[in-house]
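Participant: In terms of our numbering, the sequence shown is residues 1 to 442. Glycine included, each C-beta is placed from N, C-alpha and C at the ideal position. Remember, predicted model here, so these are calculated numbers, not experimental data. After the structure tokens below, expect a handful of questions from me.
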Amino acid sequence: MEITGLTHEGFGVGRVNDRVVFVPQAIPGDQVLLRLVHVKERLSYGDLLRVVEPSQDRRKPSCPHAELCGGCQLQHMEYGAQLSWKRQQVVDALARLGKLSVEVLPTIGMQEPYHYRNKAQLPLGRQGGELVMGFFQKGSHRIVDLSTCEIQHPLITTLALAVKKAVQELGIEPYDEQRHRGVLRHAVIRASFSKDALMLTLVTRTPELPQQAELIARLSKEVPNLVSVAHNINPEVTNVILGKETRIVWGAEYLEDSIGHVSYAISPGSFFQVNPAQTRVLYDLVRQNLRLTGREMVLDLYCGAGTIGLYLAAQAGKIVGVETVEAAVQDARRNADLNGIANADFYLGRAEEVLPRLIKDYKKVDAAVVDPPRKGCDVAVLNALAEADVPALVYVSCNPATLARDLSHLAGLGYGVGSVQPVDMFPWTSHVESVTMISRVK
Ligand SMILES: C[S@@+](CC[C@H](N)C(=O)[O-])C[C@H]1O[C@@H](n2cnc3c(N)ncnc32)[C@H](O)[C@@H]1O
1 MEITGLTHEG FGVGRVNDRV VFVPQAIPGD QVLLRLVHVK ERLSYGDLLR VVEPSQDRRK
61 PSCPHAELCG GCQLQHMEYG AQLSWKRQQV VDALARLGKL SVEVLPTIGM QEPYHYRNKA
121 QLPLGRQGGE LVMGFFQKGS HRIVDLSTCE IQHPLITTLA LAVKKAVQEL GIEPYDEQRH
181 RGVLRHAVIR ASFSKDALML TLVTRTPELP QQAELIARLS KEVPNLVSVA HNINPEVTNV
241 ILGKETRIVW GAEYLEDSIG HVSYAISPGS FFQVNPAQTR VLYDLVRQNL RLTGREMVLD
301 LYCGAGTIGL YLAAQAGKIV GVETVEAAVQ DARRNADLNG IANADFYLGR AEEVLPRLIK
361 DYKKVDAAVV DPPRKGCDVA VLNALAEADV PALVYVSCNP ATLARDLSHL AGLGYGVGSV
421 QPVDMFPWTS HVESVTMISR VK
């Protein structure tokens, strides 16, 4: 079969007798031999048996885990081709789902697209009696035992291997997902690029982590960059990694990192962009697009730990952020204090519920940044922004499909779209991020 397309999950797409077939590990231009599996009426999946004729964009993955590990989807594709494909994803979504013809600029990639991530969530378990720790295999809960990782900050891998060794030597039982027994479920590791520091969160099923003191003593000795250890308890049968209860058990309360001129204190539970280098590129684009003069009232909707708003605060009159996760709102307020920023307020709640009240209170909103999760903006948010006649919007999107839907809705409300700028936040994966400038035209 010839591969002619690529799905947003990074599966190659082709046709066999008018049947659409998705094939993991295949890219456009490949001629492949495959075995059909999961055959459905319209759509089937195939297992790649052999690449008969490789695409000119195919490369040999440089990571030994590439074939099994679910962390990266495009290790077998040249980086330049990934950037073009990400742009094309946006073009296609805008045309097909949004019926919009908008200029989409070439994707801004990384000079060195390696070791860019600042966060890893590593499950632990036992396979064939052996302790394993790493990433889930593609489409399964089998753990790929980690020895190296090309996209994580190198210190994350150093700490991960040290955790595994100490857990093994101290006889701490890993979680058994099948039977919901055992103790240690995940090690969540965060790295600060600016401080070369690490925060470790150990997630247990049980209220106690046996050998906790000894474990921490060993890790802090072996990995001097470790500055903070948290214990999170998650007794539920669930795929959600963190439970409700988190305590710092050693070291600093927060991990400190910076994006450009702003410092951020990050707690174990809060959202922080995972690629700090490209986050700076992304936030600079937001700032350039808004061309603030120092007087504007700017909304930062879906603000996480307030990162975008605080980045803009020096150029704005007032920043008002809205976010649903309480810990993130607390982080945002602390981050404002940490940076001596007095013109930023953060509200807890859903953007669609809080926004009408904010518009009433502030009367005039000069600009809004929206950075929603994959499902995009609630239609009530878009309607409220239009009703308040907000002249300039910047849409940061991690999903071209919902971006297209929302831009199309905004077009109906009298907004015009400038260009869309894709930014590669996640090299070697199929994730597509973009920044769009939108302004009031009618
Ligand atoms: C893609 S993140 C953006 C975070 C932040 N702007 C940044 O750059 O780090 C989306 C955020 O929206 C929050 N969120 C999800 N639904 C929301 C809603 N209905 N109203 C407000 N915030 C929401 C999530 O908790 C998450 O922090």
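(1) Going by the C-beta, is Tyr264 closer than 6 angstroms to any heavy atom of ligand 1?
(2) Could you tell me which whole beta strand (DSSP E) segments of length 3 or greater appear in the segment 404–432?
(3) Within the continuous beta strand (DSSP E) that includes Asp257, where are the two ends?
(4) With DSSP run on the structure shown, which of helix, strand or coil describes Leu359?
(5) Whole angstroms is fine: what's the gap from Ile3's alpha carbon to Glu78's?
(6) Ligand 1 and Asp371: does the residue's C-beta get closer than 6 angstroms to at least one heavy atom of that ligand?
(7) Ignore the nearest five residues each way along the sequence and tell me which others in Ala316's own chain have a CB closer than 6 angstroms to its CB.
(8) In this structure, how does DSSP classify Ala351 when only helix, strand and coil are distinguished?
(9) Heavy atom of ligand 3 less than 6 angstroms from the Cβ of Gly269, yes or no?
(10) Could you give the residue range of the beta strand (DSSP E) that holds Thr201?
(11) Please state the DSSP three-state secondary structure of Lys40.
(12) Evaluate contact between the segment 401–410 and the segment 49–66, counting only Cβ atoms and requiring at least three cross-stretch pairs below 8 angstroms.
(13) When you compare the CB positions of Ala93 and Pro372, do they come within less than 7 angstroms of one another, or not?
(14) Are there three or more Cβ pairs, one per stretch, closer than 8 angstroms when the segment 233–249 is compared with the segment 202–220?
(15) With burial defined as no fewer than 16 other Cβ atoms inside 10 Å of the residue's Cβ, what is the status of Leu358: buried or exposed?
(16) Using the rule of at least 16 other Cβ atoms within 10 Å of the residue's Cβ for burial, across every protein chain shown, is Pro113 buried or exposed?
(17) Go to Ser263, then tell me how far its beta strand (DSSP E) extends in each direction, as first and last residue.
(18) Please name the residue, chosen from Thr279, Gln137, Leu202, that lies closest to Leu242 on a Cα-to-Cα basis.
(19) Where does Leu43 land, buried or exposed, given buried means 16+ other C-beta within 10 angstroms?
(20) At what residue ranges does the segment 275–330 contain a whole run of the beta strand (DSSP E), taking only runs of 3 or more?
(21) How many Å lie between Met110 and His153 at the Cα?
(22) Give the secondary structure of Gln89 by DSSP, where H, G and I count as helix, E and B as strand, and everything else as coil.
(23) Between Arg350 and ligand 1, is the CB less than 6 angstroms from at least one heavy atom?
(24) Assuming Glu326 and Ala332 are in contact, meaning their beta carbons sit under 8 angstroms apart, how far apart are those beta carbons, in whole angstroms?
(25) Determine the closest residue to Ala160 out of Arg181, Glu130, Gln121, with distance taken between C-alpha atoms.
(26) According to DSSP, what are the bridge partners of Asn64?
(27) With DSSP run on the structure shown, which of helix, strand or coil describes Ile27?
(28) Taking DSSP's pairing of strands, which residues face Arg440 in a bridge?
(29) Can you check DSSP and say which residues form a bridge with Leu131?
(30) For Met77, write down the residues that DSSP places opposite it in a beta bridge.
(31) Please name the residue, chosen from Tyr302, Ala386, Gly418, that lies closest to Phe346 on a Cα-to-Cα basis.
(32) According to DSSP, Ala120 sits in a beta bridge with which residue or residues?
(33) Can you tell me which of Trp428, Val394, Val16, Leu226 puts its alpha carbon nearest to the alpha carbon of Leu255?
(34) With respect to 6 angstroms, is the separation between the Cβ of Glu256 and the closest non-hydrogen atom of ligand 1 below this value?
(35) Which class does Arg142 belong to by DSSP, given the choice of helix, strand or coil?
(36) Roughly how many whole angstroms lie between the Cα atoms of Val144 and Asp47?
Facilitator: Put simply:
(1) no
(2) 415–423
(3) 255–259
(4) The question names Leu, but residue 359 is Ile in the sequence shown. The answer is helix: DSSP assigns Ile359 an H, G or I state.
(5) CA-to-CA, the gap between Ile3 and Glu78 works out to about 16 angstroms.
(6) yes
(7) Annotation for Ala316: Leu292, Glu296, Val298 place their beta carbon closer than 6 angstroms to its own, counting only its chain and skipping 5 residues before and after.
(8) helix
(9) Inclusion of ligand 3 in the displayed structure is not the case, the ligand content consisting of ligand 1 alone.
(10) For Thr201, the uninterrupted beta strand (DSSP E) segment begins and ends at 197–204.
(11) coil
(12) no
(13) no
(14) Counting Cβ pairs under 8 angstroms, three or more are found: they touch.
(15) Per the 10 Å Cβ criterion, buried.
(16) buried
(17) 262–266
(18) Leu202
(19) exposed
(20) 297–301, 318–323
(21) 15 angstroms
(22) helix
(23) Yes, Cβ of Arg350 sits closer than 6 angstroms to a heavy atom of ligand 1.
(24) Their Cβ separation, rounded to whole angstroms, is 11 angstroms, which puts Glu326 and Ala332 out of contact at 8 angstroms.
(25) Gln121
(26) In the sequence as presented, Asn is not what sits at residue 64; that position holds Pro. Note: Pro64 sits in no beta bridge, so no partner.
(27) Residue state for Ile27 is assigned as coil, using DSSP reduced to three classes.
(28) Tyr415
(29) Arg126
(30) Arg58
(31) Selected option, being the one with the closest Cα: Tyr302.
(32) Ile189
(33) Leu226
(34) The nearest non-hydrogen atom of ligand 1 is 6 angstroms or more from the C-beta of Glu256.
(35) coil
(36) 19 angstroms
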